[in-house]
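Trainee:
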Amino acid sequence: MKINIIREKRKTMVLKIVDSENAVLKAPTNFSQKKIDDFIESKSKWLEKNSIKMKEKENLSHSFDFETYLYLNGKIFSSTAELAFDFNALTQEKKKKLIKKFYLANFERLETLAKEISDKTGLKFKEIKPTTSVRIWGSYNISKVMKLNWKLLILPKELSEYVIYHELCHSVHMNHKPKFWKSVEKFCPNYKQLKKELSFYSFVLKADF
Ligand SMILES: [Zn+2]
232 MKINIIREKR KTMVLKIVDS ENAVLKAPTN FSQKKIDDFI ESKSKWLEKN
282 SIKMKEKENL SHSFDFETYL YLNGKIFSST AELAFDFNAL TQEKKKKLIK
332 KFYLANFERL ETLAKEISDK TGLKFKEIKP TTSVRIWGSY NISKVMKLNW
382 KLLILPKELS EYVIYHELCH SVHMNHKPKF WKSVEKFCPN YKQLKKELSF
432 YSFVLKADF
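If you want our numbering, it's the position in the sequence shown, counting the first as 1, plus 231.
Right, dumping it as structure tokens:
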């Protein structure tokens, strides 16, 4: 891990991970090198742990290829009339457009899942809308409108289910206080694991379509 030390006008030291190989340490101008070294030493376990985490994320992100994933995961995609032409010959921009169009056309799969879960749990929503957010997988507002990110369709189904349970629990608790998480846990006992898995796919969420 390479640590870039920046001296600046501040009172305390702050250490931030940039990626699996780089970190930045901001330190007050008057701190001695020894003080800085000791601080880094005290954080070595933390640095190592987070470097491994970052590495895992980077590997996953690099191995994730939208086209391959779509061909393998969405057999339906390759059987649609839209693919009567050579998909690989398209520009990246056109591929993305096509992928988005395809998933939006299949958004009803998320709607059906949401209705099933709503019926099963008794948790209600009034309307469901797709979103292309690069920030959130889903949302639920006081008018009982639930938004679901169509990119969920790219992920394993259990993650869509988790997001739907999560959003529907907001129909009872409009916050993320312990009572909210208790009700999520009632429907998804392994929600902590699912949350972790979902955060693994943040590069899908961040993909700009
Ligand atoms: Zn929430």
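Even glycine gets a Cβ: it sits at the ideal position worked out from N, Cα and C.
Since the model is a prediction, treat every value here as computed from it, not as a measurement.
(1) Is it right to say K266 is buried, meaning 16 or more other beta carbons lie within 10 angstroms of its own, or is it exposed?
(2) For S435 versus L390, is the C-beta distance shorter than 8 Å?
(3) Per DSSP, which one or two residues make a beta bridge with A258?
(4) Look up T362 in the DSSP assignment and give the residues it is bridged to.
(5) On a CA-only basis, which of L246, I283, W368 is nearest E272? Give me that one, please.
(6) Using 8 Å as the cut-off, can you tell me whether the segment 340-355 makes contact with the segment 323-332, which would need three or more C-beta pairs spanning the two stretches below that distance?
(7) If you run the structure through DSSP and keep just helix, strand and coil, what is K426?
(8) From the DSSP output, read off the bridge partner residues of L246.
(9) Give the straight-line distance between the Cα atoms of I237 and S430, rounded to the nearest whole angstrom.
(10) Quick check on V255 - is its C-beta less than 8 Å from some C-beta in chain B?
(11) Pick helix, strand or coil for S402, following the three-state DSSP scheme.
(12) Tell me whether K288 sits in a helix, a strand or coil according to DSSP, three-state version.
(13) Expressed to the nearest angstrom, what Euclidean distance is found between the alpha-carbon atoms of K240 and M232?
(14) Please state the DSSP three-state secondary structure of S374.
(15) For A336 versus M377, is the C-beta distance shorter than 8 Å?
(16) So the alpha helix (DSSP H) K331 belongs to, where does it begin and stop?
Mentor: Working from what's here:
(1) exposed
(2) First, the residue type needs correcting, since residue 435 is Val and not Ser in the sequence shown. Contact flag unset, no.
(3) R238
(4) N380
(5) L246
(6) no
(7) helix
(8) L256
(9) 30 Å
(10) In the structure shown, chain B does not exist; there is a single protein chain.
(11) coil
(12) helix
(13) 25 Å
(14) coil
(15) no
(16) 323-336
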